[in-house]
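Data first, discussion second: the structure below is written as structure tokens.
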């Protein structure tokens, strides 16, 4: 249960270590790390048959199992966490146990975060590969379409120029004939 609690909440933890732990204390994720450590501390106390401080009953294995059976979220409020920590702080051994588990939880979270980031990176690369594949396919289709249009227009322009050339040749022959006829008529009139 405690491991599930931690893994589920490590997703939001970024670069938490002993130096910045106190600075970022107000964040919910740190409360969940504290709750994880409290849960492990309760497991030790239950095993050793020590009295569990009343404010820490939410963190006992029985309470966690009931929450899991009800399919509720395994999250604790800042107040619940702080109340439990105050209860643990009344006994130096319990407090030392909690501190040890809290430090371990930070290490577990960093390891979990690396795994989560790796999975996110792999998912991102897969998505990028799909996007690049689709882009490449679409680009290839667009280029082929453009090539076909250029080829079609080239053929169309070639046929237009051929027709213009034929028409120009016909007009040249007609003009030559007209100029020839006019020239001949002028020569005939000049000789008269």
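In full-length UniProt numbering, the protein residues as written are 1 to 192. Just so you know, even glycine gets a beta-carbon here, dropped at the ideal spot from N, CA and C.
- Per DSSP, the unbroken alpha helix (DSSP H) holding residue 153 starts and ends at 92 to 191.
- Exclusion of the five residues before and after residue 95 leaves 88 and 89 as the residues of its chain whose Cβ lies within less than 6 Å of its Cβ.
- Considered as a whole, the stretch 50 to 87 harbours 61 to 69 as its complete alpha helix (DSSP H) runs of no fewer than 4 residues, in chain order.
- By the neighbour-count criterion, in which a residue is buried when 16 or more other Cβ atoms sit within 10 angstroms of its Cβ, residue 42 is buried.
- Fewer than three Cβ pairs drawn from the stretch 54 to 71 and the stretch 104 to 117 lie within less than 8 Å of each other, which leaves the two stretches out of contact.
- In the structure shown, residue 38 falls within a helical segment according to DSSP collapsed to helix, strand and coil.
- Nearest in C-alpha terms to residue 108, of all of 133, 130 and 36, is 36.
- In this structure, residue 55 places its C-beta atom within 9 Å of the C-beta atom of residue 80.
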